[in-house]
Every structure is written in C-alpha cells, then in structure tokens.
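Engineer:
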Amino acid sequence: MAAPKRGRSASAQSKPGRALALILIAIVALTGGMFLSGHTTPRLGIDLAGGTSITLEAKSDQGSAINKANMDTAVEIMNRRVNGLGVSEAEVQTQGDRNIIVNIPKGTNSQEAREQVGTTAKLYFRPVLAQEATGPAAASPSPSASGSSSASPSPSASKSGATGEKATSSSSPSATPTSQGRAVTDALKADSTPSASASASSPASPSASASGGTATSSEAKLQAQYAALDCSKKAQRTKAGEGAKPGDTTVGCGEYGGVWYKYLLGPAAVAGTEVKKAQAVFDTQTAAGWQVTMTFNSKGASKFADITGKLAQNTQPLNEFGIVLDGQVVSSPTVSSSITGGNAQISGSFTQEEAQNLANMLSYGALPLSFKEQSVTTVTAALGGEQLHAGLLAGAIGLALVVIYLVAYYRGLSIVAMASLLVSAILTYVIMALLGPAIGFALNLPAVCGAIVAIGITADSFIVYFERIRDEIREGRSLRPAVERAWPRARRTILVSDFVSFLAAAVLFVVTVGKVQGFAFTLGLTTVLDVVVVFFFTKPLMTLLARRKFFASGSKWSGLDPKSLGAKPPLRRTRRPAAPAHTKEA
Amino acid sequence: MSKLGNLGARLHRGEISYDFIGHRKLWYGISILITITAIVGLAVRGLNMGIDFQGGAVFTTEKTSVSVSQAEDYAKEASGHDAVVQKLGNGTMRIQIAGMDTQQSDKIKNKLAADFKVDPEKIAADLVGPSWGDQIANKAWQGLAIFMVLVVIYLAIAFEWRMAIAALVALIHDITITVGIYALVGFEVTPGTVIGLLTILGYSLYDTVVVFDSLKEQTKDITKQNRWTYSDIANRSINGTLVRSINTTVVALLPVAGLLFIGGGFLGAGTLNDISLSLFVGLAAGAYSSIFIATPLVADLKEQEPAMKALKKRVLAKRAQADVEEELAEVRGDAVDDEPEDTPHAVVGPRTQPASRGRGRGRPSGKRR
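Heads up: the sequence lines are chains L and V, in that order.
Quick note: the first sequence uses this note's numbering, first residue 1, plus one each step.
Quick note: the second sequence uses this note's numbering, first residue 1, plus one each step.
#1: Any beta-carbon of chain L closer than 9 Å to the one on V/Asp19?
#2: Shortest alpha-carbon distance to V/Ala317 belongs to which of V/Ser278, V/Asp274 and V/Asn226?
#3: Pull up the distance between the alpha-carbon of L/Gly341 and that of L/Ser349, whole angstroms please.
#4: Here's a check: name, in chain order, each residue in its chain whose Cβ is nearer than 6 Å to the Cβ of L/Glu472, leaving out the five neighbours to either side.
#5: Going by beta-carbon coordinates alone, are L/Leu325 and L/Ala58 separated by less than 9 Å?
#6: Going along the chain, which residues of its own chain have a beta-carbon closer than 7 Å to the beta-carbon of L/Arg98, five neighbours each way excluded?
#7: Return the bridge partner residues of L/Trp260 from the DSSP annotation.
#8: Which of the three DSSP states, helix, strand or coil, is assigned to L/Tyr410?
#9: At the 9 Å Cβ level, is L/Glu467 part of the contact set with chain V, yes or no?
#10: Give a yes or no on whether the C-beta atoms belonging to L/Met361 and L/Ile323 are separated by under 9 Å.
#11: Going by DSSP in three states, L/Arg470 sits in which element: helix, strand or coil?
#12: Can you find a C-beta in chain L that's less than 9 Å from the C-beta of V/Lys318?
#13: Determine which residues of the segment 191–213 of chain V have a Cβ less than 9 Å from any Cβ of chain L, and write them out in chain order.
#14: Against chain V, which members of the segment 64–91 of chain L pass a CB distance test of less than 9 Å?
#15: Which residue wins for smallest C-alpha separation from V/Ala431, given the options L/Leu406, L/Phe282, L/Phe321 and L/Lys515?
#16: So which of L/Lys276, L/Val28, L/Leu36 and L/Glu132 has the shortest CA-CA distance to L/Tyr226?
#17: Starting from L/Ser105 and walking both ways along the alpha helix (DSSP H), at which residues does that stretch end?
#18: Between the Cα of V/Gly55 and the Cα atoms of V/Val189, V/Gly196, V/Val128 and V/Ile246, which residue gives the shortest distance?
#19: Looking at L/Val496 and V/Ala158, is the spacing between their C-beta atoms short of 9 Å?
#20: Per DSSP, what kind of secondary structure is V/Lys220 in: helix, strand or coil?
#21: Please report the straight-line C-alpha distance between L/Leu318 and L/Tyr261, rounded to a whole angstrom.
#22: Just list the residues that DSSP pairs L/Phe125 with in beta bridges.
#23: What residues from the segment 149–160 of chain V come within 7 Å of chain L, judged by C-beta to C-beta, listed N to C?
#24: Using a Cβ-Cβ cutoff of less than 6 Å, which residues in the same chain neighbour V/Asn110 once the five nearest sequence positions on both sides are dropped?
#25: Based on the DSSP output, what are the partners of L/Leu36 in its beta bridges?
#26: Does V/Gln304 have its Cβ less than 9 Å from a Cβ in chain L?
#27: Taking 9 Å as the CB-CB limit, is L/Lys549 close to chain V?
#28: Between the alpha carbons of V/Gln96 and L/Asn83, how many angstroms are there, rounded?
#29: The segment 102–113 of chain V: which residues have C-beta closer than 8 Å to a C-beta of chain L, in chain order?
#30: Could you tell me whether the segment 432–446 of chain L touches the segment 518–525 of chain L, where touching means 3 or more Cβ pairs closer than 8 Å?
#31: What would DSSP say about L/Gln225, mapped onto helix, strand or coil?
#32: V/Phe147 versus chain L: which residues are under 8 Å apart at the beta carbon?
#33: Pull up the distance between the alpha-carbon of L/Ser331 and that of L/Tyr263, whole angstroms please.
#34: What number of angstroms, rounded off, separates the C-alpha of V/Thr295 from the C-alpha of L/Ile457?
#35: Would you say V/Ser276 faces chain L, with C-beta separation under 9 Å as the test?
#36: So if DSSP puts L/Gly289 in a beta bridge, which residue, or which two residues, is it bridged to?
Structure representation (structure tokens):
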C-alpha cells in the first residue's frame with residue numbers, strides 16, 4: 001500500500017486540490033480507456049451470462065489409468081489453465097467416470113479456451129537431435145562434439161561406448177527404449193549421439209537394449225517423417241508427434257520469431273509433472289527482460305541436472321532441449337551449463353505475455369490423462385438476467401436506503417459521503433470493465449453481492465473519519481482544525497482495519513483457486529480502492545469543504561453544527577471569537 | 001437524527017454509557033447459548049450441500065420447447081431439490097440436480113420424461129462430480145486457517161496478543177453462528193454461501209479492530225493514573241465508538257437487507273438468498289461480537305495482568321476512600337477531555353480545572369498543528 005504514504009504528504013498538507021485533481025484525472029483516464037477499449041461493461045460469469053460448454057472424454061489408449069485420482073488432478077490442472085489468474089469464473093467438473101465438463105463464460109475467446117483446456121496436453125523436456133527452419137530443406141547434420149559421449153557418467157551411457165563411432169552405433173538402441181523400437185537412421189545417428197547419452201539417464205533407458213538392426217524400418221519411417229515434415233502447414237503441425245510415447249524419439253514443430261522450425265527430438269528426459277513451479281519474472285538486475293524460472297521436484301531436479309550437464313557440452317542445436325506440449329515445441333532453450341539444484345531460468349527475448357504463457361504451460365502443462373473433445377456447445381446462463389436484475393434492483397434499493405440514512409444522520413456531510421461512494425463506485429466499475437479483457441476478470445453473482453457489501457466497507461472509512469471530526473468539534477474546536485486533527489487518528493484506524501480486510505483477500509487469493517480466488521480478487525480490489533478514495537478524495541474534499549462558510553460556520557444543515565453535536569456551551573463561547581481569526585489565517 | 005447526534009455527544013462525554021463490561025457475563029451467556037444452538041443445529045440437521053459440493057445428476061434432454069423456468073419447476077417437483085437449468089446452444093436442455101445417486105436419477109429421469117412428454121430414452125442422465133469438490137473447499141479452509149494465523153500475528157504486533165486472541169474468538173463466534181443458522185434454516189450451501197462467509201472474515205475483524213484501535217489509544221498511559229481501571233476504559237472505548245459501530249453496521253446491513261428481503265424474498269430469486277443470508281447474519285454477528293464479546297474478553301484477559309490488578313486495587317481504594325470526591329472528579333475529568341490527542345482521555349487525574357481553561361484560551365488550535 002504505497003498510496004497512503006503519498007496521500008499523507010499530498011493531502012495532509014494544504015494542497016487538497018492537487019489530490020482531488022489527481023484522482024479526477026485518474027478517473028477520466030480510466031473511463032476514457034474503458035470507452036477506447038470498447039469494453040464498457042464488466043464481463044459476466046457463466047452463471048449470469050452463459051457461455052461455452054466443452055465436454056472432454058478421457059482417452060483410454062494412453063498408459064495411465066482413468067481413475068478418480070487422475071480425473072481429479074486433471075480437473076484441477078484444467079481449472080488452473082482456464083482460470084489463469086483465477087478471476088475468469090470458468091467452471092470445471094467431472095461428469096460420469098471419464099468425462100470432464102468445462103464451462104467458460106461468454107466473452108472469453110472460446111477457441112483459445114479450447115486450446116488451453118487441451119486435448120492431450122502432455123508436457124515433456126526432450127533433447128533436440130536436429131532442428132531446422134521448416135520447408136523443403138535437407139537435414140542439417142551438425143556433427144556433435146566427440147566429448148559428449150565420453151563425458152557421460154551414467155552406467156547405461158558407458159555401455160554405449162566411448163569412441164565416437166561406437167557411440168553412433170549404440171545410439172539407436174538407447175534412443176529406442178520401447179518395444180515399438182523407433183530409431184533414427186544412420187544419417188541422423190551422428191546428430192543423435194549426444195542425445196543417446198542424455199537419454200541414457202532418462203528412466204526409460206535402462207530397458208534400452210533393443211538392437212539397432214531390427215528397428216531399421218521405423219528408423220527410416222521417422223527419418224522420412226522428419227524430412228517430409230513441413231511445419232508451416234497447420235495440418236502437418238497438429239499431426240507431428242502425435243501418439244509419441246515419452247520414451248520415443250519423435251518429431252515436432254515449434255515457432256520462433258514468426259518462423260516455424262521442425263525438430264527431431266529424443267526421448268523425454270524430464271516430464272512436465274516433475275516441474276514443481278514455474279513463474280514469469282522480470283529480471284531488473286541484468287536487464288535481461290522477462291524470464292521464466294522453474295523449480296523441479298527432487299526427481300526432476302536430478303534428471304534435469306543430468307541432461308543439462310550433457311547438453312551443455314554440445315554445440316548448437318544439440319545443446320538445446322525442446323519443451324514439448326502436445327507434440328508442439330513451445331520453447332527450445334539452449335543449455336550453457338549443467339544446472340543442478342532444481343532451479344533454472346529460461347531467458348530470451350520474451351515479451352511479458354510470452355513469458356507468462358510459457359510459465360503457465362510449465363506449471364500446469366502436464367495432465368495425467370489424455371482427453372478428446374466430445375462436444376462444444378453454447379449454454380444459457382444458469383441463473384439468468386432475472387437474478388442479476390433482482391440483485392441490482394435490491395442493491396439499488398439498499399443503496400437508496402443508505403443515502404437516506406446518511407442524509408438524515410450526516411446532513412451536509414452526506415454530500416461528502418455520497419460523492420466518495422460515487423467515486424468509489426465509478427472506479428470499481430471501470431476497473432472491473434477494464435480487467436475483463438486484460439486478465440479475463442469476470443463477475444459472477446456472488447461477486448456482485450460482494451461489491452454491494454463493499455459499500456459498507458467504503459462507508460465505514462468515512463464514518464470513522466466523520467465521527468472523529470465530530471468528536472473534535474465536540475471538544476470545542478472549529479471545523480478546520482478539527483478536520484486536520486481528526487485525520488491522523490482516523491487514518492490510522494482506517495489503515496489498520498483495511499489491512500485486515502486486505503490480508504483476508506490476499507491469503508484467499510494465494511491459497512485458493514477458482515471462484516474463491518475470483519472473489520478474493522474482488523474483495524482485495526475494493527479494499528485498495530477504499531483506501532485510495534479515502535486518501536485522495538474524501539480527505540481532500542473535506543479539507544476544501546471546511547473552508548466553505550456553510551460548513552465552517554457550523555450551519556444547522558451541515559451536519560457539523562457544534563450545538564447539535566453537543567459541544568459544550570462554555571467552550572463554544574470561548575471558541576466563537578477565535579473562529580474569525582482562523583479564517584483570516586487562511 | 002439530532003437525537004442520535006445528542007446520543008453521540010453524550011456518549012462522547014460519558015454522560016450516558018452502557019456498562020458493557022459490567023454485564024459481560026450476561027452477554028457471554030447469550031453468546032454461549034446461541035453458539036450451542038448453532039452447534040446442535042449443525043449436528044442434528046447438518047448442512048444442505050449444493051450440487052457444487054456433493055455432485056449430483058445432470059440430465060440432458062433432446063431439443064425441447066419447454067421453457068427454462070418451467071423445467072426448473074418440473075425438476076424441483078420431481079426431485080425435491082433446487083435445480084440448475086441451462087439451455088444449450090442446440091435447443092437441448094441441461095438440468096443439474098444436487099445429491100442424486102443412480103437410482104434416484106433414474107426415477108427422476110422418468111418423471112422428467114413424463115413432464116416433458118418425451119421418451120425417457122431421449123433424456124441422458126449422468127452423475128457429475130462436485131465441481132467445488134473437496135479440493136477447492138479444502139483450499140478455502142486452508143486459506144481460512146492461514147488467514148487466522150496471520151491475523152493473530154498481525155494483531156499481536158499491531159496491538160497485543162490478548163486483543164489478537166479476543167478478536168479470534170469473536171471471529172470464530174461469528175462464523176459458528178452463521179453456519180449454525182444455515183443448518184437450522186436449511187438453505188442450500190453454494191459457493192456463494194462460502195464466499196459470503198469469507199466476506200464476513202474481513203468485515204467482522206474490521207469492526208473489532210476499530211474498537212481495539214480506540215482502546216489501545218486510550219489505555220496508552222493507563223498505569224500513570226489511578227482513577228480508571230482497564231475495564232472502565234474498555235467500556236469507555238466501546239461507548240465512544242458505539243455511534244460509529246451503529247452507523248457502519250446500519251450502512252452495511254441496509255444493502256444486504258435489500259438483497260435478502262427484496263431481491264431474495266419479494267422477487268423470489270433463490271441464489272440471492274443464500275449469499276445475502278450468510279452476509280446478513282455474519283455482519284450482524286460481527287457487529288455484536290465486536291462490542292459484546294471481543295472487547296469484554298480483552299478486558300477480562302487484561303485484568304489478569306499484575307500491573308492491571310494493582311491498578312484496579314489502587315482505583316478501588318481511591319474510590320472507597322472518597323466517594324464524593326470521585327463524583328467531583330468525574331465532572332472535572334470530562335472537562336479535561338479536551339486534551340491534545342497525545343494524551344488519552346482517561347489520563348486526567350492530575351489535571352486541574354484552571355489549567356484546562358487556561359489551555360483553552362491560550363492555544364489557538366491552528367497553531368498546534
């Protein structure tokens with residue numbers, strides 16, 4: 001909360017106009033931005049606006065079993081994927097034993113959402129065996145450094161021999177650990193040498209004893225596949241790498257800087273499930289821009305240390321590993337040294353969005369099961385506009401009652417109160433509308449209710465302040481000093497109690513997912529806005545109004561009438577003569 | 001209004017005050033009674049969990065001309081539960097009903113088929129898992145626990161550990177009452193309910209913190225005087241912030257009451273009921289507990305301290321010694337309430353009337369800023 005500090009210097013001094021101008025400019029700018037962006041209403045959640053419903057069916061042909069635990073994990077991962085920041089109000093639930101329904105609110109790019117939910121979505125780190133810009137080009141066999149194989153310390157790698165030639169011949173077995181026995185052709189063997197040693201450390205490789213000779217046909221097939229692959233064609237892209245098992249050598253496509261590259265990829269060295277956490281961070285220290293940091297679990301960390309240690313000794317492109325999601329290479333970072341300890345950064349000329357996307361994929365990329373899209377259909381709102389209207393109408397009536405109460409109780413002061421509420425309402429609305437396109441924020445019915453209740457939280461801050469001012473007046477001060485003296489104490493109370501609200505919101509946001517997270521976001525937003533409004537609007541406005549005769553003279557209708565507030569008559573008498581002196585001072 | 005304004009003034013001067021602390025046993029008793037009722041209600045009736053928590057059945061009809069609201073009625077009739085009905089893009093309808101097993105769902109399917117006048121075979125029935133599942137609900141609980149720990153630490157640092165404990169007790173009190181009422185009334189627990197409950201977290205504490213803030217300020221130099229015990233000052237802080245508490249509670253409750261009675265009751269909007277009921281009960285309980293539970297608890301805890309015990313002894317001795325003088329001091333004490341804010345109201349012992357008057361004359365408040 002940096003706002004309070006700035007507010008203190010800006011508004012506690014005699015420059016209330018500046019703070020007011022600041023917040024008005026902010027409101028105008030935000031509102032202008034809202035109209036410019038064309039999103040003039042907040043996005044509504046699926047319960048209010050309807051949306052798209054996707055039914056996914058778990059595929060049984062892939063290794064892992066379709067059971068409740070796996071389905072639940074899949075639901076959780078999909079939930080994270082479609083909810084991104086957790087504010088888009090998408091719903092994910094299981095249906096029957098093998099189906100998952102994903103409901104996405106209207107206004108979300110449903111095409112994108114379908115891609116995000118993913119049909120297979122399995123993430124692997126695979127060593128790159130060959131790579132080239134797509135198109136009808138010949139293989140680019142960049143010979144590998146001979147040191148790579150001799151340096152590999154794992155026992156299974158030593159079986160593959162130390163000299164370059166031997167390594168070449170043994171590379172195919174180690175790259176073909178499964179009984180299906182796909183292997184690379186002779187032409188590619190040179191390239192695959194390093195990967196042979198790398199893959200030797202992958203869990204699949206201990207079983208790598210298939211003879212190279214019998215696998216020739218599939219080697220040829222893969223070679224042909226790689227040669228024929230044209231990643232600039234979408235149909236080929238989606239088919240590339242389809243059905244590849246983790247232990248297979250496979251092909252894949254990836255895009256970098258608008259150019260499609262095709263890859264020949266070794267067996268998976270690390271699985272996406274072994275990534276504990278990934279995050280997009282902005283590196284301010286080395287000015288390297290956006291980076292993605294990854295943390296592996298202990299198993300993943302040792303595997304990652306192994307593969308990076310081996311890859312680092314190779315030359316381009318054999319020192320790269322491909323991060324493969326659904327057969328597509330989403331990133332192919334170059335390894336410059338062995339990375340131990342389970343923490344790694346991927347840097348490159350990422351934009352913020354790219355970095356976050358990659359981090360998302362790394363964090364949530366690995367589904368335990370594969371899914372097939374069964375149906376995609378639009379659905380109407382589960383609650384409908386009727387409920388929203390009832391809610392808004394009730395909210396409006398409640399608000400009217402609040403206004404009546406405030407006017408009756410605070411009279412002239414209620415102008416300040418209502419203006420503050422209005423500013424707060426405008427800011428909340430505009431920011432919610434802008435957050436729709438920005439981070440996928442969507443408002444569901446509980447959030448609407450929460451926003452209505454936030455009226456209470458906002459009103460509380462200035463009631464605390466008003467009561468302090470009135471206490472000061474009761475003690476016989478005239479209005480202007482009362483306004484200033486009441487502020488520091490009211491400010492502390494407001495900050496302390498808003499901090500508690502904010503803490504609740506922040507904890508819930510960090511810990512939970514889905515709807516609770518969306519709600520926590522709303523709560524945190526309104527709390528921060530409350531502080532902003534009180535510091536930059538209510539207080540400066542109060543300072544300004546205290547200079548007006550209507551308030552300063554304690555008119556009966558100002559709500560600050562010393563007499564009706566019960567300031568003590570003797571004190572009032574001594575005060576009265578002093579009052580004009582203050583006005584002159586100003 | 002001016003009556004309430006007067007009340008504020010008189011509360012401020014301490015002319016009238018309600019002895020919240022003195023009657024604390026009564027309020028503790030009432031709270032314990034309500035809490036027990038809530039727990040019994042919860043144990044006996046349990047909570048009526050919605051489809052989001054316990055899963056249920058989903059029926060998909062073929063293309064139909066039945067309207068959504070009609071389908072809702074049919075489904076409710078057939079199952080006795082509230083149903084969530086959505087019309088799908090191709091004209092078919094999806095009806096979700098909470099808490100069904102296979103057998104029940106077959107029965108309801110047949111009933112629905114009769115209502116919709118279609119062949120039961122044309123209605124697909126499927127059991128859905130709880131989308132809010134244990135996982136998400138557990139995470140909400142986890143969040144709640146972490147929040148409580150953090151807030152206790154924060155309050156213990158910002159105020160002191162006794163206040164942190166009292167605030168926590170008040171918070172648990174509010175949540176228990178709200179959940180208990182849910183069990184007793186039998187409203188369906190939806191994600192909205194949980195969200196309403198979580199809103200109360202922040203709000204209930206907000207109220208409590210405001211009172212504590214005033215209490216902390218007023219008891220800063222409490223040991224330097226011997227006219228007031230801690231309880232006296234605690235009572236005074238409650239009374240001093242009473243008008244604020246009433247005002248903020250009214251302002252917060254009015255819109256929620258609007259949602260509950262107008263939105264929920266009059267317009268018959270079901271989901272609004274769940275949310276606004278939990279909010280309404282929680283907000284009311286929060287206001288109540290900050291005044292009647294949290295602050296008296298702090299006073300109770302604080303009076304255990306040796307320093308406070310000694311103070312109480314001194315104060316009582318002094319009072320016994322000169323009852324009449326005490327009366328006079330009361331009057332004087334109030335006059336000196338117009339202290340600069342760095343001196344708490346209560347620390348008035350050594351002050352004399354003339355000093356106060358002189359201060360009033362000689363110090364234009366503008367200068368003191």
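Virtual Cβ for every residue (Gly too), placed ideally from N, Cα, C.
Here the structure is a predicted model, which is why all the values come from computation and not from measurement.
Structural biologist: Put simply:
#1: Answer no: the Cβ-Cβ gap between V/Asp19 and chain L never drops below 9 Å.
#2: V/Asn226
#3: 25 Å
#4: Ala482, Arg485 and Ala486
#5: no
#6: A distance below 7 Å between beta-carbons, with the five flanking residues on each side excluded, links L/Arg98 to the following residues of its chain, in chain order: Glu57, Ala58 and Ile66.
#7: Answer by DSSP bridge pairing, in chain order: L/Glu255.
#8: helix
#9: yes
#10: yes
#11: Looking at L/Arg470 - three-state DSSP - the assignment turns out to be helix.
#12: It does not: the Cβ of V/Lys318 has no partner Cβ on chain L nearer than 9 Å.
#13: Legend: CB atoms of the segment 191–213 of chain V lying less than 9 Å from CB atoms of chain L belong to residues Pro191, Gly192, Thr193, Val194, Ile195, Gly196, Leu198, Thr199, Leu201, Gly202, Tyr203, Leu205, Tyr206, Asp207, Thr208, Val209, Val210, Phe212 and Asp213.
#14: Lys68, Met71, Asp72, Val75, Glu76, Asn79 and Glu91
#15: Residue coverage of chain V in this structure runs from 1 to 369, which leaves residue 431 of chain V outside it and unanswerable.
#16: When only C-alpha atoms are compared, the closest one is L/Glu132.
#17: Inspection of the sequence shows that residue 105 of chain L is occupied by Pro rather than by Ser. That residue, L/Pro105, is in no alpha helix (DSSP H); its beta strand (DSSP E) goes Asn99 to Pro105.
#18: V/Val128
#19: yes
#20: coil
#21: 14 Å
#22: DSSP lists L/Val270 and L/Ile323 as partners of L/Phe125.
#23: Leu150, Val151, Tyr154 and Ala158
#24: Pro120
#25: Note: L/Leu36 sits in no beta bridge, so no partner.
#26: no
#27: no
#28: 22 Å
#29: none
#30: Enough Cβ pairs lie closer than 8 Å, so yes.
#31: helix
#32: Leu503, Ala504, Val507 and Leu508
#33: 11 Å
#34: 21 Å
#35: At a cut-off of 9 Å between C-beta atoms, V/Ser276 counts as an interface residue with respect to chain L.
#36: Partner(s): L/Asp283.
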